[in-house]
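Q: Okay, handing you the structure first.
Protein chains: 4
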Amino acid sequence: MQCYKIYTMIEKRYKEAFERASEERKEKILEVGIEEFSAKGYENANINVIAKKAGISIGLMYKYFSTKEDLFITCIQRGCEILDSALEEIMVSDDKILVKAEKVIRATCYHSKRNKNYIKLYNEITSEKTTETAKLLAREIEFSTSRKYITSIAQAYAKNDVRQDLDPRLFAFFLDNLLMQLQFSYTCDYYRERFEIYTGVNVDEMDDEKVVQQLLKFVESAFTFEK
Amino acid sequence: MQCYKIYTMIEKRYKEAFERASEERKEKILEVGIEEFSAKGYENANINVIAKKAGISIGLMYKYFSTKEDLFITCIQRGCEILDSALEEIMVSDDKILVKAEKVIRATCYHSKRNKNYIKLYNEITSEKTTETAKLLAREIEFSTSRKYITSIAQAYAKNDVRQDLDPRLFAFFLDNLLMQLQFSYTCDYYRERFEIYTGVNVDEMDDEKVVQQLLKFVESAFTFEK
Amino acid sequence: MQCYKIYTMIEKRYKEAFERASEERKEKILEVGIEEFSAKGYENANINVIAKKAGISIGLMYKYFSTKEDLFITCIQRGCEILDSALEEIMVSDDKILVKAEKVIRATCYHSKRNKNYIKLYNEITSEKTTETAKLLAREIEFSTSRKYITSIAQAYAKNDVRQDLDPRLFAFFLDNLLMQLQFSYTCDYYRERFEIYTGVNVDEMDDEKVVQQLLKFVESAFTFEK
Amino acid sequence: MQCYKIYTMIEKRYKEAFERASEERKEKILEVGIEEFSAKGYENANINVIAKKAGISIGLMYKYFSTKEDLFITCIQRGCEILDSALEEIMVSDDKILVKAEKVIRATCYHSKRNKNYIKLYNEITSEKTTETAKLLAREIEFSTSRKYITSIAQAYAKNDVRQDLDPRLFAFFLDNLLMQLQFSYTCDYYRERFEIYTGVNVDEMDDEKVVQQLLKFVESAFTFEK
DNA sequence: GATGAATGAGGTTTCATTCAT
DNA sequence: GATGAATGAAACCTCATTCAT
């Protein structure tokens, strides 16, 4: 983990003592933190429990993070780092936009199953109440994702690979909305249940490839010249 | 308010004493509850404060609802009732499916601005932690919505008004995903910020009609025979 | 106890629920509070212990007082009420100033032995750190005392009962300094020890009358025409 | 600093390792300690913070002092050393007692403005709770001061420079009470506010010379044969 | 039906002190 | 001698829930 690189992108919320801790310990604390916060939500997660599960004292936890909120935010930053890097790979390729889209959708299905906790945590923050923190987090998380989408789409737009009567930013927005919902549908209790209500199938037993193909068809017109 | 009819659809969570209370009082309690829960979230809302703001004693509140959770769920049921009836009107019409879609999107924009609290509350429950409650709520809320979408689409499908290679249920699912995100983007802090990051425009200053038209184009292929 | 009369003089720091409590309970809480704060100081006093000793739950204590500080301040206001009323009697008489002085000194010795806790509490606040609270308290406590002294002395001054080359306010200030130190010397650990170091006698075994007479002589010139 | 000489007068409370430290370090630690304790009070001062500000590790601090209390007491001893030496000069002179008194009062005004921290610290200890420590400190601090006063006054008494009907020890006691209050009035928040309430003037804007002259007049009779 | 006083478990946070290096 | 990571008891405060009236 290179904490100086990624999750200080906007603002670090851990103390210097945390930087000095062993990689193993840092990893463990954030892993346990992500697990607890994603399972119980911010309010219900207990920082004493997190400390105990991470194998450190509560006093030391407060040497690492000033407040519960700072630990929470650092967990989120860590989660984003992982989710972001997956997207990075796909979007820097020079595939055609439709190929990229297919890859992104497939990757979303794939990663959602493997990084459940990160995505649940992400869902958790979308219901954060304090406007300031919500805004900060949104900026931190959505900014890099949105830029990748918008850039790719704008390029495709320039190459006439995409409908000219679609606004690239709204296009990117709608597309990410679908992917975001897909992620949650694979991981978060409420959305999983909702998935089953709509499709009639439990998401764990659903054929991912079917979802990928259907979603591609659903958005196909966006990548097509108008009739 | 006809509590015995709508928000007992699945399971009522209020006590009999609540039914016996005056309509005015019932209305007030749920109104205040929705306001508090949507503003502060489930954990941070204070049932004693809700009682006070509603003008009743905390003792009476517990005569009406066994637990904080029951009050919360009843508030949600009340919110859904309102949101649901708006959709009902549109879906029972015999417009063509594309016209229905346009109406639904436009209604979503319209209502989101007017029923902020209901939608924030809805967002709130999507991050509910206890699996059992999440499932219950999802069933209660999503079931009637999904049925309307699925039915309408299946009808259109039967009339060849829609691509035959799309699964009607997944189609409905994707469509509702987009509408759900749209709702949140109009109301919830996090999603509002995200909207601005993607579009560059604050959602309050965005031209709704542009959003409607762009979203229609975005999903157009779904309503079209394959080339 | 008539809380609406005296300790709301400047600003009440208790909640309405406290007003509604029985006189007996109010008395008990403040009595225990004064005992604990005066014995252990503000920081070291434990609000849970105070609640327990007063026979109420900690939750109820917080229904009565928003914070530990508010309880502390209310205890002080109660203490001042008692100390103030003793002075009132003496100062409203129309004795000559020298007679008043003698009465005040004697009353100080007398009351100090009976109201140890109030005076210890008073000593406690003189070392309060937060400027704002210190100022507030000083104003509340010293104002009424100082006015009584200054008024009495100014009257004597007008009647030529007092040296004309002395500033009445500084005169009152010096006089109260001596009385304040006397109070502490009868009650507070540090000052008691100091008293013994100076006089060679433990204050409890000292003849009060000797102290009164000696102090009167010490300040005699102030009440005398210049030679 | 000659720690073996002055602030071990009664009992040293630092460990041998502290004696072996460089003068510069010793000075720094006590300076920072005095600053912190006088600014925040004993309970609120943080020994870890003091160590950091003094530029040493907390571990080393505990090599120097066994407990927080020992550091506190050593700081006080250091402060007293400074305050005491000022008095020494005046009292060893062979001025007449009235001249000495004037000098002491003037010196008190002068030093109070320059050694605020020492005096605040002194005020701090007068509210120390543990009887044992209070007694110890009183003995340590007041003993040498009182001896100087009592000795000087006794000498004057023998030379008939002072009223014969005044007990020299009580005389010294009253006099020091006034000086002690004067010190606090120049430095400590509470007493400063009180000074302004009595005199109507902020102590920083008060003419010191006026205070000196008025106080001299106030106590004049003590230095005068009876009529 | 209606009240609201009362409870107390439980959570976050602080900081004096220890001890392995 | 010197470090500072680590500990954990203890304090303040909140709030869902109960129950006597």
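Residue numbers (our numbering), protein chains in the order written: chain A, 1 to 227; chain B, 1001 to 1227; chain C, 2001 to 2227; chain D, 3001 to 3227. Built from N, CA and C at the ideal position, the CB exists for glycine as well. In this text, all values refer to a predicted model and were calculated from it rather than measured experimentally.
(1) My assumption, with CB atoms under 8 angstroms, is that A:I82 sits in contact with A:Y118. Please give the rounded CB distance.
(2) Since D:Y3198 is in the alpha helix (DSSP H), which residue starts that stretch and which ends it?
(3) What alpha helix (DSSP H) runs, 4 residues minimum, are completely inside the segment 1100-1174 of chain B?
(4) Can the beta-carbon of D:F3037 be found closer than 8 angstroms to that of D:F3072?
(5) Taking any Cβ of chain C, which residues in the segment 3067-3099 of chain D have a Cβ under 9 angstroms from it, in chain order?
(6) Contact defined as beta carbons within less than 8 angstroms: I believe A:F218 pairs with B:F1171. What is the distance between those atoms, to the nearest angstrom?
(7) Taking the straight line between their C-alpha atoms, what separation do you get for B:D1070 and A:S152?
(8) Under 7 angstroms between beta-carbons, which chain D residues line up against C:E2124? List them in chain order, please.
(9) Does any residue of chain D bring its CB to less than 8 angstroms from the CB of C:A2101?
(10) Is there a Cβ of chain D sitting closer than 8 angstroms to that of C:M2061, yes or no?
(11) Does the Cβ of B:S1185 have 16 or more other Cβ atoms within 10 Å, making it buried, or fewer, making it exposed?
(12) Name, please, each residue of chain D whose Cβ falls closer than 7 angstroms to the Cβ of C:I2047.
(13) Give the C-beta separation of B:C1080 and B:I1034 to the nearest angstrom, bearing in mind that I take them to be a contact with Cβ-Cβ under 8 angstroms.
(14) Are three or more beta carbon pairs between the segment 3061-3068 of chain D and the segment 3146-3163 of chain D nearer than 8 angstroms?
(15) Do C:V2032 and C:I2254 count as a contact pair if the criterion is CB distance below 8 angstroms?
(16) Considering A:N46, what are the terminal residues of the alpha helix (DSSP H) in which it resides?
(17) Got a sec? Which residues, its chain only, sit under 7 angstroms from D:R3192 by beta carbon, not counting five neighbours each side?
(18) Against D:E3205, what residues of chain C qualify as contacts under a CB-to-CB distance less than 9 angstroms, listed in chain order?
(19) What's the gap between the Cα of A:Q213 and the Cα of B:N1177?
(20) Does DSSP put D:V3211 in a helix, a strand or coil?
(21) According to DSSP, is B:Y1062 helix, strand or coil?
(22) Please tell me whether C:A2138 and D:Y3190 are closer than 8 angstroms, where the distance is taken between their beta carbons.
(23) Buried or exposed for A:A158, please, with buried defined as at least 16 other CB atoms from any protein chain shown within 10 angstroms of its CB.
(24) What residues of chain C sit near D:A3138, judged by a beta carbon separation below 7 angstroms?
(25) Between D:M3001 and the rest of its own chain, which residues show a CB-CB distance below 7 angstroms, the 5 nearest in sequence each way excluded?
(26) What would DSSP say about D:S3038, mapped onto helix, strand or coil?
(27) Give me, in chain order, the residues of the same chain whose beta-carbon lies closer than 8 angstroms to that of B:M1180; leave out the 5 immediate sequence neighbours on both sides.
(28) To the nearest angstrom, how far is the alpha carbon of C:K1959 from that of C:S2093?
(29) Compare the C-beta of D:E3220 against all C-beta atoms of chain C and say whether one is closer than 8 angstroms.
(30) What's the C-alpha gap between D:E3088 and C:P2168?
(31) Just how far apart, CA to CA, sit C:V2201 and C:L2216?
(32) On the criterion of 16 or more Cβ atoms from any shown chain inside 10 Å, does A:S112 qualify as buried, or is it exposed?
(33) So, is the C-beta of B:Q1181 closer than 8 angstroms to a C-beta in chain A?
(34) Given that A:N44 touches chain B, what residues does it touch there, using C-beta distances under 9 angstroms?
(35) How is the alpha helix (DSSP H) around D:D3070 delimited, first residue to last?
(36) Spatial neighbours of C:Q2183 within its chain, please: C-beta separation below 7 angstroms, excluding the five flanking residues on both sides.
A: Reading from the atomic positions:
(1) As a first step, residue 82 of chain A must be located in the first sequence, where it is residue number 82. As a first step, residue 118 of chain A must be located in the first sequence, where it is residue number 118. Between A:Y118 and A:I82 the Cβ distance is about 6 angstroms, and since that is below 8 angstroms, they are a contact.
(2) For the purposes of this step, residue 3198 of chain D is taken as the residue at position 198 of the fourth sequence. In this chain, the alpha helix (DSSP H) harbouring D:Y3198 covers 3189-3199.
(3) The segment 1100-1174 of chain B contains these whole alpha helix (DSSP H) runs: 1116-1125, 1131-1158.
(4) Locating residue 3037 of chain D in the fourth sequence gives position 37, where the first residue counts as 1. Locating residue 3072 of chain D in the fourth sequence gives position 72, where the first residue counts as 1. Yes. Within cutoff.
(5) none
(6) Counting from one through the first sequence, the residue named residue 218 of chain A turns up at place 218. Counting from one through the second sequence, the residue named residue 1171 of chain B turns up at place 171. 7 angstroms between Cβ atoms; contact.
(7) For this step, residue 1070 of chain B is matched to residue 70 along the second sequence. For this step, residue 152 of chain A is matched to residue 152 along the first sequence. Straight-line Cα distance between these residues: approximately 47 angstroms.
(8) As a first step, residue 2124 of chain C must be located in the third sequence, where it is residue number 124. Under the 7 angstroms cutoff, chain D gives S3127.
(9) In the third sequence, the residue the question calls residue 2101 of chain C occupies position 101. Cβ-Cβ to chain D under 8 angstroms: no for C:A2101.
(10) For the purposes of this step, residue 2061 of chain C is taken as residue 61 along the third sequence, with counting starting at 1. False, the Cβ-Cβ gap to chain D never drops below 8 angstroms.
(11) Walking along the second sequence from the start, residue 1185 of chain B turns up at place 185. Buried, by the Cβ-count rule.
(12) If you number the third sequence from 1, residue 2047 of chain C lands on position 47. The contacting residues do not exist; C:I2047 stays about 15 angstroms from chain D at best.
(13) In the second sequence, counting from the first residue as 1, residue 1080 of chain B sits at position 80. In the second sequence, counting from the first residue as 1, residue 1034 of chain B sits at position 34. Not a contact, Cβ separation roughly 11 angstroms.
(14) The answer is no - the segment 3146-3163 of chain D does not touch the segment 3061-3068 of chain D, with fewer than three Cβ pairs under 8 angstroms.
(15) Residue numbering for chain C in the displayed model covers 2001 to 2227; residue 2254 of chain C lies beyond these limits and cannot be assessed.
(16) In the first sequence, the residue the question calls residue 46 of chain A occupies position 46. Unbroken run through A:N46: none, as it is neither H nor E.
(17) Stepping through the fourth sequence from its first residue, residue 3192 of chain D is reached at position 192. So the list reads S3185, V3203, once near-sequence residues are dropped.
(18) Here residue 3205 of chain D refers to the residue found at position 205 of the fourth sequence. Ordered by position in chain C, no residue passes the 9 angstroms Cβ test against D:E3205, which lies about 15 angstroms from the chain.
(19) Sequence index remark: in the first sequence, residue 213 of chain A carries index 213 (1-based). Sequence index remark: in the second sequence, residue 1177 of chain B carries index 177 (1-based). Looking at the two C-alpha atoms, the distance is approximately 17 angstroms.
(20) Residue 3211 of chain D sits at position 211 when you count from the first residue of the fourth sequence. Note: D:V3211 maps to helix in three-state DSSP.
(21) Numbered from its first residue, the second sequence carries residue 1062 of chain B at position 62. In this structure, B:Y1062 counts as helix in the three-state DSSP scheme.
(22) Locating residue 2138 of chain C in the third sequence gives position 138, where the first residue counts as 1. Locating residue 3190 of chain D in the fourth sequence gives position 190, where the first residue counts as 1. Yes. Within cutoff.
(23) Taking the first sequence and counting its residues from 1, one reaches residue 158 of chain A at position 158. Exposed: under 16 other Cβ atoms inside 10 Å.
(24) If you number the fourth sequence from 1, residue 3138 of chain D lands on position 138. Neighbours of D:A3138 on chain C, chain order: Y2190, E2193, R2194, I2197.
(25) If you number the fourth sequence from 1, residue 3001 of chain D lands on position 1. Because D:M3001 sits at a pLDDT of 40, beneath the cut-off of 50, its placement in the model cannot be relied upon, and the following sentence gives the value as read from the coordinates. Non-local C-beta neighbours of D:M3001 in its own chain, meaning closer than 7 angstroms and more than five positions away in sequence, comprise E3023, K3026, E3027, ordered along the chain.
(26) The residue you call residue 3038 of chain D lines up with position 38 of the fourth sequence. It is helical.
(27) If you number the second sequence from 1, residue 1180 of chain B lands on position 180. Within the same chain, B:M1180 has no close Cβ partners at all.
(28) Since the first residue shown for chain C is 2001 and the last is 2227, residue 1959 of chain C is missing from the structure and cannot be characterised.
(29) One-based indexing of the fourth sequence puts residue 3220 of chain D at position 220. Yes, D:E3220 lies at the interface with chain C (some Cβ there is under 8 angstroms from its Cβ).
(30) The residue labelled residue 3088 of chain D in the question sits at position 88 within the fourth sequence. The residue labelled residue 2168 of chain C in the question sits at position 168 within the third sequence. Spanning the two alpha carbons is a distance of roughly 33 angstroms.
(31) Position 201 of the third sequence, counted from the first residue, corresponds to residue 2201 of chain C. Position 216 of the third sequence, counted from the first residue, corresponds to residue 2216 of chain C. Cα to Cα, the separation comes out at about 19 angstroms.
(32) Residue numbering aside, residue 112 of chain A sits at position 112 when the first sequence is read from its first letter. Burial state of A:S112 is buried, judged by a 10 Å Cβ sphere holding 16 or more other Cβ atoms.
(33) Stepping through the second sequence from its first residue, residue 1181 of chain B is reached at position 181. Contact of B:Q1181 with chain A is assigned, a C-beta pair being separated by under 8 angstroms.
(34) Counting from 1 along the first sequence, the entry for residue 44 of chain A is found at position 44. Simply E1043, K1129.
(35) If you number the fourth sequence from 1, residue 3070 of chain D lands on position 70. Residues 3068-3092.
(36) Residue numbering aside, residue 2183 of chain C sits at position 183 when the third sequence is read from its first letter. T2108, S2112, I2119.
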